[in-house]
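Chemist: The numbering used here numbers the first residue of the sequence shown as 292 and each following residue consecutively.
By construction, the Cβ of each residue, glycine as well, lies at the ideal position given by its N, Cα and C atoms.
Everything numeric in this text was worked out from a predicted model, so none of it was measured.
This is the structure, below, for whatever I ask next.
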Amino acid sequence: MTDVRSELGLGDGLGGGAARHPSELHSAEQDSVKHHPAERADTDALIRGRASVGDFEITVLTDGFFYLDGGAMFGVIPKPLWRKRAPADAENHILLGTNTVVMRDGKRTIVIETGIGDKLSEKLRNIYAAKALLPAAFEAAGIAPESVDMVINSHLHFDHSGWNTRRDGAGKLTATFPNARYFAQRGEVEDGRRQRERDGVSYMADNYEPLVASGQMTLLDGAAEIAPGIRVELFPGHTPQLQAIHIESGGEHACYISDLIPTSAHLDLTWGMGYDLDPLTVIEQRKRFYAHAIPEQWLVLFTHDHHTPFGHVEWNERGRPVLRAANVK
Ligand SMILES: [Zn+2]
Numbered sequence: 292m293t294d295v296r297s298e299l300g301l302g303d304g305l306g307g308g309a310a311r312h313p314s315e316l317h318s319a320e321q322d323s324v325k326h327h328p329a330e331r332a333d334t335d336a337l338i339r340g341r342a343s344v345g346d347f348e349i350t351v352l353t354d355g356f357f358y359l360d361g362g363a364m365f366g367v368i369p370k371p372l373w374r375k376r377a378p379a380d381a382e383n384h385i386l387l388g389t390n391t392v393v394m395r396d397g398k399r400t401i402v403i404e405t406g407i408g409d410k411l412s413e414k415l416r417n418i419y420a421a422k423a424l425l426p427a428a429f430e431a432a433g434i435a436p437e438s439v440d441m442v443i444n445s446h447l448h449f450d451h452s453g454w455n456t457r458r459d460g461a462g463k464l465t466a467t468f469p470n471a472r473y474f475a476q477r478g479e480v481e482d483g484r485r486q487r488e489r490d491g492v493s494y495m496a497d498n499y500e501p502l503v504a505s506g507q508m509t510l511l512d513g514a515a516e517i518a519p520g521i522r523v524e525l526f527p528g529h530t531p532q533l534q535a536i537h538i539e540s541g542g543e544h545a546c547y548i549s550d551l552i553p554t555s556a557h558l559d560l561t562w563g564m565g566y567d568l569d570p571l572t573v574i575e576q577r578k579r580f581y582a583h584a585i586p587e588q589w590l591v592l593f594t595h596d597h598h599t600p601f602g603h604v605e606w607n608e609r610g611r612p613v614l615r616a617a618n619v620k
């Protein structure tokens with residue numbers, strides 16, 4: 292069991308519900324500000340949720356929500372089906388989160404994922420409506436980047452490793468978490484260097500090459516224990532070496548499954564992303580994940596779900612994986 296009492300919809304001004312953004316409700320000049328149909332009253336909150344897993348206190352921070360094409364996010368699933376779970380705007384964009392997880396047990400501060408960052412070209416920044424809020428989110432949570440001991444990237448796509456580095460006043464790339472050891476899979480760095488036609492655009496060398504060169508990033512070859520209670524395991528499909536992060540303490544278990552299941556709207560076995568490099572493997576790996584995550588009641592942490600950053604999954608009466616009712620927002 293995992294304690295989620297205080298997190299989903301309670302405390303921290305995280306109240307959910309279907310209310311529209313408050314600024315839509317008044318002021319003529321604000322009428323000109325467009326809001327995405329998926330926005331809610333709490334959409335701008337920098338702290339997306341809190342939970343505890345045994346000795347670990349878990350805080351979910353955001354680099355800000357961003358937009359991707361809804362069709363690309365749901366692969367072969369027709370829009371009349373996916374739009375019920377993920378409303379699209381006139382451009383067919385759906386709203387996605389960039390969830391960074393901070394785990395603290397009083398001994399260590401460990402970070403999973405670092406958002407999109409602030410190094411995108413202006414053109415890309417506009418395409419994704421990237422907001423670069425992660426430093427503000429750390430500040431809101433009272434967590435100093437200097438206090439972070441470890442940073443784990445599930446893979447090295449630009450929307451998962453953006454704040455690994457930043458430019459200092461002189462324009463030089465430096466580690467955003469100066470005292471942290473970074474961890475990523477060696478195969479991710481190698482795929483980034485390959486710059487293949489299919490996925491080369493997803494890798495931005497500035498997010499990891501400086502850390503590889505300086506020795507601050509440890510390159511892993513498959514499963515590994517990162518710290519007591521924290522280990523990584525490969526769940527291929529989205530990329531061949533995507534790693535999930537397990538958090539185990541006091542008999543409780545949480546798992547950051549990353550882009551194998553990017554949001555709670557993607558739980559069905561076949562609801563993969565157009566971005567997945569190997570859709571058949573995604574299905575098999577989801578089965579393997581649910582075979583443990585459901586009976587063992589893992590807390591599932593979603594990398595791109597802005598409004599439901601985590602929840603427990605169960606089988607419904609039709610044998611489909613769904614979010615446990617108490618977790619639905
Ligand atoms: Zn992603």
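#1: Can you give me the C-alpha to C-alpha distance between glutamine 507 and tryptophan 606, rounded to a whole angstrom?
#2: Can you find the residues in the same chain that come closer than 8 Å, C-beta to C-beta, to aspartate 346, ignoring five residues on each side of it along the sequence?
#3: Mind listing which residues have their beta carbon within less than 5 Å of any non-hydrogen atom of ligand 1? Chain order is fine.
#4: DSSP three-state label for isoleucine 407, please.
#5: Secondary structure at asparagine 607, three-state DSSP: helix, strand or coil?
#6: Can the beta-carbon of serine 452 be found less than 7 Å from the beta-carbon of threonine 405?
#7: Would you report the Cα separation of threonine 465 and aspartate 450, rounded to the nearest angstrom?
#8: Histidine 384: buried (16+ other C-beta within 10 angstroms of its C-beta) or exposed?
#9: Answer with buried or exposed for leucine 551, where buried requires no fewer than 16 other C-beta atoms within 10 angstroms of its C-beta.
#10: Rank Leu337, Ala420, Thr594 by C-alpha distance to the C-alpha of alanine 432 and give the top, closest one.
#11: Let me know the secondary structure DSSP gives alanine 514 once reduced to three states.
#12: Since arginine 339 contacts leucine 352 with CB under 8 Å, what's their CB separation in whole angstroms?
#13: How many angstroms separate the CA atom of histidine 598 from the CA atom of aspartate 380?
#14: In the structure shown, what three-state DSSP assignment does serine 343 receive?
#15: Taking leucine 372 as part of the alpha helix (DSSP H), name the residues at either end of that continuous run.
#16: Quick check: leucine 533 and histidine 446, are their CB atoms within less than 7 Å of each other?
#17: Serine 438 by DSSP, collapsed to three states: which one?
#18: On the CB-based measure, 16 or more other CB atoms within 10 Å of its CB, does glutamine 628 come out buried or exposed?
#19: With DSSP as the reference, identify every bridge partner of methionine 508, one or two as the case may be.
#20: Tell me, please, which residues DSSP counts as bridged to glutamate 543.
#21: On the CB-based measure, 16 or more other CB atoms within 10 Å of its CB, does asparagine 417 come out buried or exposed?
#22: Check whether the Cβ atoms of phenylalanine 474 and isoleucine 517 sit closer than 7 Å, and answer yes or no.
#23: Could you pull the start and end residues of the beta strand (DSSP E) that threonine 456 belongs to?
#24: Just the Cα atoms here: how many angstroms apart are tryptophan 454 and tyrosine 499?
#25: Which same chain residues end up closer than 6 Å to histidine 327 when comparing Cβ atoms and leaving out the 5 residues on each side of it in sequence?
#26: Taking a contact to mean a Cβ-Cβ separation below 7 Å, would you say threonine 509 touches leucine 568 in this structure?
#27: From the DSSP output, in three-state form, read off alanine 420 for me.
#28: Taking its Cβ as the centre, do 16 or more other Cβ atoms sit within 10 Å of valine 528, making it buried, or is it exposed?
#29: Count the other CB atoms, across all protein chains shown, that sit within 10 Å of the CB of arginine 296; report buried if there are 16 or more and exposed otherwise.
#30: For leucine 571 and glycine 460, I'd like the C-alpha separation in whole angstroms.
#31: For a test of the three-state rule: what should DSSP assign to glycine 520, helix, strand or coil?
#32: If alanine 471 sits next to methionine 441, beta carbons under 8 Å apart, how far is it from one beta carbon to the other, in whole angstroms?
Modeler: In brief:
#1: 42 Å
#2: Asp396, Gly397, Gly520, Ser540, Gly541
#3: Asp450, Asp550
#4: Coil at isoleucine 407, not helix or strand.
#5: coil
#6: Against a cut-off of 7 Å, the Cβ pair of threonine 405 and serine 452 comes out as a contact.
#7: 18 Å
#8: buried
#9: buried
#10: Leu337
#11: coil
#12: 7 Å
#13: 17 Å
#14: strand
#15: 370 to 373
#16: yes
#17: helix
#18: What the structure shows of the chain is the stretch from 292 to 620, and residue 628 is not part of that stretch, so it cannot be assessed.
#19: Tyr473
#20: Ser540
#21: exposed
#22: yes
#23: 456 to 458
#24: 10 Å
#25: Asp380, Leu386
#26: no
#27: coil
#28: The sequence given here has glycine at residue 528, not valine. Glycine 528 should be labelled buried.
#29: Per-residue confidence for arginine 296 stands at a pLDDT of 37, beneath the threshold of 50, marking its modelled position as unreliable; the derived number appears in the next sentence. With fewer than 16 Cβ atoms within 10 Å of its Cβ, arginine 296 is classed as exposed.
#30: Approximately 46 Å between the Cα atoms of the pair.
#31: In the three-state reduction of the DSSP assignment, glycine 520 falls in the coil class, being assigned neither a helical nor a strand state.
#32: 6 Å
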